[in-house]
Amino acid sequence: MLHRRKFLKSAGYTTLSALLTMGVLKQKQSHNNNVAMASYPSTNVSSPLRQLAAAKGKLYGAAIDSVYLQKDAGYAALLARECGIATPNGELKWNATEPSPGVFNFKSADVIADFCQKYNIKLHGHTLLWNQALPSWVSFPPTMQQLQKHVTGVMGHYKNSPVLKSWDIANEIIAANPNETNDTTYGLLLGLTPQYILELFKFAASVDSTKLFYLNETSVEGASWRSDRWLALIEYLKNNGAKIDGAGLQSHLWFSTAYPFDAKGFSSVLKRLNDLEVKPIITELDIIIDLPLPNNIQDLDRMVADSYKRYLDLCFAADVDTVITWGITDRYSWIRDLNYMPAKFKADRSRQQYLRPLPYDRNLQPKLARNAIAQAFQQAT
Ligand code: 9MR
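Just so you know, the sequence shown maps onto residues 62 to 442 in this note's numbering.
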């Protein structure tokens, strides 16, 4: 329970509330000339997303949960059809892979790896270091010795995997705000130092340098104190000899009619990453429409789709080649899980039907958002 509360505070609400400045309508008004207006409903694009993405040299994928994968055939079929890449939802986190010191368990992660192999889906490893989902014997930050043993065990298991192609070497290591860090330069979580992260990257490369290495972060999709610190850290790692191939922008987004979307700030983050030759990828995309809610579900779905399209258009304009949504269906979204649901939706049951953040609905039917993603890939250059 304590663990859950800790998670809610640092990864749930912070992730989302920091993005309250993102929205759609204002953008329509002020950037009409720069951003193509999405028109919905429009032609239905039925080809698999993985195929539409591949046609542009890109990848589409989703986070997969091994429990539902094994018991929900409809869910498994959707993933097999749509995904060219997948991330395990929790199966590669420390509490799953090394529940007691030196005792490794890859049972649930391998359910996903086997599925990926069967359907020719690339696997993105998430994650080697995070301050959440830790077993009780590890406190954060782990000692370098604990960390190196963990990295050796987990990366070692997938060294010869035909599907695992990339790792989130570290996840969510920047503090939520300047009050929660002692590190004015990089804003690292209390207890972390840039040297520690550098050592982690270097050690990971000594275990298996054949994979792509990413630094994954939340709430960096615009100009902000956090994105500035994160970019500075990436530059530091790069300049000090770390192998860092890419940067994951999680993109748990809130849009609304009430907030302007910082399209300019977002594009400048992507540009900085490209200039540093650290490839930006989208690792955990899902979209909430904040209050005031639209009048009906149809309007809501249109807004979610429109938000997906605008966001992906900006991504593709900056050469983003990988887009992973955090789940594929609203049936299993973390946002609808009462443990993580934002308070204002949890407080009022009638609002909960308006949490429809993913491409497929709870009956596994495609929504306009799926079409928006398809069109964004089709129109990408
Ligand atoms: O969606 C995941 C949820 O089911 C897990 O219980 C939780 C803890 O392992 O992690 C969630 O995934 C998070 C991801 O690993 C990192 N960024 C935020 C994601 C959503 O909370």
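Built from N, CA and C at the ideal position, the CB exists for glycine as well. Values in this document were obtained by computation on a predicted structure and should not be read as measured data.
Item                                                                                                  : Value
Which residues DSSP lists as bridging Ser121, in chain order                                          : The identity of residue 121 in the sequence shown is Tyr, whereas the question assumes Ser. In the DSSP output, where bridge partners are listed per residue, Tyr121 has Val384.
Pick from Ser317, Leu334, Ala141 that is closest to Asp289, judged by C-alpha positions               : Leu334
Where the alpha helix (DSSP H) through Pro255 begins and ends                                         : 255-268
N- and C-terminal bounds of the beta strand (DSSP E) containing Gly309                                : 307-310
Alpha helix (DSSP H) segment containing Asp360, residue limits                                        : 358-378
Pairwise C-alpha distance: Ile182 and Ala141                                                          : 8 Å
Contained alpha helix (DSSP H) runs [length at least 4] in the region 123-175, N- to C-terminal order : 127-132, 134-143, 155-158
heavy atom of ligand 2 below 7 Å from Lys407 C-beta                                                   : Ligand 2 is absent from the structure shown, which contains only ligand 1.
Minimum C-alpha distance to Glu241 - residue among Pro418, Asn232, Arg287                             : Arg287
Per-residue burial, Arg363 [other beta carbons within 10 Å of its own, 16 or more giving buried]      : buried
Where Pro202 falls, given that 16 or more other Cβ within 10 Å makes a residue buried                 : buried
Supposed close pair Tyr421, Arg431 - CB separation, criterion 8 Å                                     : 6 Å
Residue environment, Met402, which counts as buried when at least 16 other CB atoms sit within 10 Å   : buried
Which listed residue (Gly326, Ile258, Arg417, Ser317) has its alpha carbon closest to that of Asp229  : Ile258
Start-to-end residues for the beta strand (DSSP E) that takes in Asn432                               : That residue, Asn432, is in no beta strand (DSSP E); its alpha helix (DSSP H) goes 429-440.
Separation of Ser161 from Arg371, as counted between CA atoms                                         : 45 Å
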